[in-house]
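The sequence shown begins at 65 in the working numbering and counts up by one.
The beta-carbon is built from N, C-alpha and C at its ideal position, and this holds for glycine as well.
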Amino acid sequence: MSWPGELGMFGLPPFRQPRHRHRAPPRPFSGIEAATREHVKAQIEFEELREKYREAKQKFKEARQRVEDAERKLDMAKRYDKAQDGAYAVCRQVKDRFIRQELLQEWNALTTDMELGLAERKAKYLELEEKATNMLQEEGTGAGA
Numbered sequence: 065m066s067w068p069g070e071l072g073m074f075g076l077p078p079f080r081q082p083r084h085r086h087r088a089p090p091r092p093f094s095g096i097e098a099a100t101r102e103h104v105k106a107q108i109e110f111e112e113l114r115e116k117y118r119e120a121k122q123k124f125k126e127a128r129q130r131v132e133d134a135e136r137k138l139d140m141a142k143r144y145d146k147a148q149d150g151a152y153a154v155c156r157q158v159k160d161r162f163i164r165q166e167l168l169q170e171w172n173a174l175t176t177d178m179e180l181g182l183a184e185r186k187a188k189y190l191e192l193e194e195k196a197t198n199m200l201q202e203e204g205t206g207a208g209a
């Protein structure tokens, strides 16, 4: 046995055995330490996941906002198109009415011209028919005499 303050080989205090040999040597991590370490790891992982969740939630909000903006713009464009279509329809109706009116006037003018022309032609035809019948009668009377 060595005495306190006594130096062993190499000038170091001598190695002493632990007093209670019946106890098992300490494990590298006791159950509490391992559980604490696992808990800390889980907390860190949880915080990372929470941060990812927040980022995803923010991105989703932004995307939803963009979709709502796009839907609003599309709605406005549809309303504008409807209004424009309505204006075009009114313009088309007015234009068609105007064109129909012009065409009707032209048609009336043409038909009156044609009717006049037909009346003149008919008169000429009747006149020619009369002349032809007169000529045939004269030939018939002249040939029979």
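### Query
How big is the Cα-Cα spacing for R143 and Q157?
21 Å
### Task
Have a look at E170 and C155 and give me their C-alpha separation to the nearest angstrom.
22 Å
### Query
Given E202, which residues of its chain have a CB within under 6 Å of its CB, disregarding the five upstream and five downstream residues?
none
### Query
For A209, which residues of its own chain have a beta-carbon under 7 Å away from its beta-carbon, when the five flanking residues on both sides are left out?
Low local confidence applies: a pLDDT of 49 at A209 is under 50, so the model's placement there is unreliable, and no value is given.
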